[in-house]
Amino acid sequence: MTIRVLLADDQNLVRAAFALLVASAPDMEVVGEAGTGRRAVELARTERADLVVMDIRMPDLDGIEATRLIAADEDLAGVKVLVLTTYDTDDNIVEALRAGASGFLVKDTKPAELLDAIRTVTAGDALLSPGPTARLIERFLRSPAVPVPGGGGPDCLSDRERQVLTLVARGFNNTEIADSLGLSPLTAKTHVSRIMGKLGARDRAQLVIVGYESGLVTPGAPPREGPASRTDVGLDGS
Numbered sequence: 005m006t007i008r009v010l011l012a013d014d015q016n017l018v019r020a021a022f023a024l025l026v027a028s029a030p031d032m033e034v035v036g037e038a039g040t041g042r043r044a045v046e047l048a049r050t051e052r053a054d055l056v057v058m059d060i061r062m063p064d065l066d067g068i069e070a071t072r073l074i075a076a077d078e079d080l081a082g083v084k085v086l087v088l089t090t091y092d093t094d095d096n097i098v099e100a101l102r103a104g105a106s107g108f109l110v111k112d113t114k115p116a117e118l119l120d121a122i123r124t125v126t127a128g129d130a131l132l133s134p135g136p137t138a139r140l141i142e143r144f145l146r147s148p149a150v151p152v153p154g155g156g157g158p159d160c161l162s163d164r165e166r167q168v169l170t171l172v173a174r175g176f177n178n179t180e181i182a183d184s185l186g187l188s189p190l191t192a193k194t195h196v197s198r199i200m201g202k203l204g205a206r207d208r209a210q211l212v213i214v215g216y217e218s219g220l221v222t223p224g225a226p227p228r229e230g231p232a233s234r235t236d237v238g239l240d241g242s
């Protein structure tokens, strides 16, 4: 599948560089470029992009408001937003994810990492720059308007699903979840999809929020430590 990418940045040279990078990937194509947030929203609607690489500071309508409009549009339910910005601040991180972004990277990210990020977010995984992640979680827990999913809480999950949710909240991808719990990657992916459905979560970014707000994961806990070793749980994927 070719990933259809829309680039939104107010600097022409930056957009041109991103366009060359994205076009160099055999599994991606650039379907539009926008110099303002309002234009990004318009192109998201007309070009049917899979993912928008969104700058935050743009004229007319900033990237956070543009992200909010895209996330709120039911016709654009499949469009993911990856925020890419120079400004690595708590406020920007929180507001971008609150608005509906599925990923956050700073502009000093290496080219190959940006391409990987596009693939990760398009596949439905949340992605955050490693540096701000701990601050982000602390800030989310103190923020009054956290976008909590509309479904049930962790009590509606099975024991295995709660284990998987805990690992998602700690930043594990599907392969790492599978390795930690002794599952196949496909089974891990299936668990994540079922959890999202039960909780009414839009993406893994919201699962991270649920994991912390419910107490399955606590601030200050080792971010890459799983809830159990593979010798502590069954190996049948239940």
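Counting in our numbering, the sequence shown runs from 5 upward without gaps. Glycine included, each C-beta is placed from N, C-alpha and C at the ideal position. Here the structure is a predicted model, which is why all the values come from computation and not from measurement.
**Item:** Whole-Å CB distance - residue 41 paired with residue 64, under 8 Å assumed
**Value:** For a cut-off of 8 Å, the C-beta gap from residue 41 to residue 64 is around 6 Å, short enough to register as a contact.
**Cβ-based neighbour list, residue 90, same chain, cut-off 6 Å, excluding 5 preceding and 5 following** = Within the same chain, residue 90 has close Cβ partners 111.
**Item:** Burial state of residue 157 (16 or more Cβ within 10 Å)
**Value:** Exposed.
**Message:** Whole angstroms are fine: how far does the CA of residue 162 sit from the CA of residue 187?
**Reply:** Between residue 187 and residue 162, the C-alpha separation is close to 16 Å.
**Prompt:** residue 40 by DSSP, collapsed to three states: which one?
**Reply:** Note: residue 40 maps to coil in three-state DSSP.
**Request:** Identify, in the order they occur along the chain, each residue of the same chain with its Cβ nearer than 6 Å to the Cβ of residue 135, setting aside the five sequence neighbours on each side.
**Result:** Any answer about residue 135 is weak, because its pLDDT of 47 lies below 50 and its placement is not dependable; what the coordinates show is given next. Within its own chain, no residue has a Cβ closer than 6 Å to the Cβ of residue 135 once the five positions on either side in sequence are excluded.
**Complete runs of the alpha helix (DSSP H) confined to the segment 67-124 [at least 4 residues]** = Within the segment 67-124, the alpha helix (DSSP H) runs of at least 4 residues that lie entirely inside it are, in chain order, 67-76, 94-103.
**Item:** Cβ-Cβ distance between residue 76 and residue 104 below 9 Å
**Value:** Annotated as proximal: residue 76 and residue 104, with beta-carbon spacing under 9 Å.
**Asked** Where do the ends of the beta strand (DSSP E) carrying residue 5 lie?
**Response** Where residue 5 is concerned, there is no enclosing beta strand (DSSP E), because DSSP gives it neither an H nor an E.
**Whether residue 32 touches residue 8 by CB criterion (9 Å)** = A distance below 9 Å separates the beta carbons of residue 32 and residue 8.
**Item:** Reference residue 15; option with closest CA among 216, 96, 39, 125
**Value:** If you compare the alpha carbons of 216, 96, 39, 125 with that of residue 15, the shortest gap goes to 39.
**Item:** The alpha helix (DSSP H) enclosing residue 190, as first and last residue numbers
**Value:** Residue 190 -> alpha helix (DSSP H) spans 189-203.
**Request:** Let me know if residue 50 comes out buried or exposed under the rule of 16 or more other beta-carbons within 10 Å of its beta-carbon.
**Result:** Exposed.
**Request:** Mark residue 191 as exposed unless 16 or more other C-beta atoms lie within 10 angstroms of its C-beta, in which case mark it buried.
**Result:** Per the 10 Å Cβ criterion, buried.
**Request:** Find the nearest neighbour of residue 207 within the set 115, 218, 113, 85, judged by alpha-carbon distance.
**Result:** Checking every option, the nearest Cα to that of residue 207 belongs to 85.
**Item:** Spatial neighbours of residue 54 in its chain, beta-carbon cut-off 8 Å, leaving aside the 5 residues before and after
**Value:** Beyond the five residues adjoining it in sequence on each side, residue 54 comes within less than 8 Å, by CB distance, of 7, 8, 9, 82, 83, 84, 126 in the same chain, given in chain order.
**Residues sharing a beta bridge with residue 55, DSSP** = Per DSSP, 9, 84.
**Request:** Put residue 221 into one of helix, strand or coil per three-state DSSP.
**Result:** Three-state DSSP puts residue 221 in coil, outside helix and strand.
**Item:** residue 29 - DSSP class collapsed to helix/strand/coil
**Value:** For residue 29, the three-state secondary structure derived from DSSP is coil.
**Prompt:** Under 9 Å between the Cβ atoms of residue 47 and residue 37?
**Reply:** Against a cut-off of 9 Å, the Cβ pair of residue 37 and residue 47 comes out as a contact.
**Request:** Please classify residue 148: does DSSP put it in a helix, a strand, or coil?
**Result:** The pLDDT assigned to residue 148 is 49, lower than 50, so where the model puts this residue is not dependable; a value taken from the coordinates is nonetheless given after this. Here residue 148 carries a coil assignment [DSSP, helix/strand/coil].
**Rounded C-alpha distance that separates residue 170 from residue 221** = About 6 Å.
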